[in-house]
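S.K.:
Numbering (UniProt numbering), first residue to last: 1 to 292.
(1) For residue 208, which residues of its own chain have a beta-carbon under 7 angstroms away from its beta-carbon, when the five flanking residues on both sides are left out?
(2) Taking the beta strand (DSSP E) that residue 198 falls in, what are its first and last residues?
(3) Tell whether a beta-carbon distance below 8 angstroms holds between residue 20 and residue 6.
(4) Among all the DSSP beta bridges, which residues are the ones paired with residue 250?
(5) Should residue 10 be labelled buried (16 or more other beta-carbon atoms within 10 Å of its own) or exposed?
(6) Please report how far the alpha carbon of residue 133 lies from the alpha carbon of residue 148, in whole angstroms.
(7) Decide if the segment 194-211 is in contact with the segment 262-277; the criterion is three or more beta carbon pairs, one per stretch, under 8 angstroms apart.
(8) Excluding the five sequence neighbours on either side, which residues of its own chain have a C-beta within less than 8 angstroms of the C-beta of residue 204, listed in chain order?
(9) Report back the beta-carbon spacing between residue 252 and residue 262 to the nearest angstrom; my notes put them in contact at under 8 angstroms.
(10) So, helix, strand or coil for residue 271, using DSSP?
(11) Grouping DSSP H, G and I as helix and E and B as strand, with all else coil, what is residue 49?
(12) What is the DSSP secondary structure of residue 276, counted as helix, strand or coil?
(13) Taking 8 angstroms as the limit between beta carbons, can you name the residues of its chain near residue 67, skipping five residues before and five after?
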């Protein structure tokens, strides 16, 4: 393959990864999809008239093929399943543009799990990459009316929560700092004031490490949970740092130099409405590599 054809693919790589990650919720799987797309590009580059469109179609369809098996695996997952976290401040490009942050958040990625594969593709292509309905129809080999119906159904499932007002990066960081301070100092009341009444804490250990097997629901229960964790001897020995994860301020917990937990709060209307804690070491491999 000619050097300029390799350059064309590399110019699209970040965008293709962003597409695959939003479709699958798994960074390692997304990387595999991008590699598969590259192998197909090597075979067909000489005959492709519009590389960006062709690569988008190939990547989307590779993801659709993997979603069915991925969902079957998640049905047998131990405890809550959360998407793999990624550090967005280290990877300039489509993953961290302001317009696309919303579709990158762990909360929205969890909502996308409610959709059928085709609904998810229509939603991601429209919301994250601003594709028109006709373009999406060409990518999915469907008629435009069908695509509009898919997108409308997808919006019905994920649109309502997105009408609220997410925190700015600065506000989110301030709230997160107060959250951590309250948890470590044992201030249950102070922590509760930062939480929405119906706040939910999700923990993903995948059966590999100790984690809650069910979501913890309610302001007081979530506050007590994190105060207990914040004052544990294990937390006292850990190194905590703030980072941007999936487009929002988050906490990285390192133990003995290794990334052991990523905590990503979802802040809406000035309150923490959800806290996503990823502890499964398999899901931390990508973020750990990014943070080195």
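Glycine included, C-beta positions come from ideal geometry on N, C-alpha and C.
M.R.: Once the coordinates are examined:
(1) Position 208 of the chain shown, counted from the start, is the residue given in the question as residue 208. Answer for residue 208: 280, 281 and 282, listed in chain order.
(2) Along the chain shown, one-based indexing puts residue 198 at 198. First-last of the beta strand (DSSP E) with residue 198: 195-204.
(3) In the chain shown, the residue the question calls residue 20 occupies position 20. In the chain shown, the residue the question calls residue 6 occupies position 6. The answer is no: Cβ separation not under 8 angstroms.
(4) For the purposes of this step, residue 250 is taken as the residue at position 250 of the chain shown. Paired residues: 243.
(5) Numbered from 1 along the chain shown, position 10 holds the residue referred to as residue 10. Exposed.
(6) Walking along the chain shown from the start, residue 133 turns up at place 133. Walking along the chain shown from the start, residue 148 turns up at place 148. Residue 133 and residue 148: Cα-Cα distance of roughly 6 angstroms.
(7) The segment 194-211, when compared against the segment 262-277, does touch it at the 8 angstroms Cβ threshold.
(8) Residue numbering aside, residue 204 sits at position 204 when the chain shown is read from its first letter. Taken in chain order, the residues that qualify are 79, 80, 81, 82, 211, 276, 277, 278, 279, 280 and 283.
(9) In the chain shown, the residue the question calls residue 252 occupies position 252. In the chain shown, the residue the question calls residue 262 occupies position 262. At roughly 6 angstroms, the Cβ-Cβ gap stays under 8 angstroms, so residue 252 and residue 262 are in contact.
(10) Start at 1 with the first residue of the chain shown, and residue 271 comes out as number 271. Looking at residue 271 - three-state DSSP - the assignment turns out to be strand.
(11) Along the chain shown, one-based indexing puts residue 49 at 49. Looking at residue 49 - three-state DSSP - the assignment turns out to be coil, as it is neither helix nor strand.
(12) The residue given as residue 276 occupies position 276 in the chain shown. Looking at residue 276 - three-state DSSP - the assignment turns out to be strand.
(13) Position 67 of the chain shown, counting from 1, holds the residue named residue 67. Excluding residues within five positions, the ones whose Cβ falls inside 8 angstroms are 23, 24, 117 and 120.
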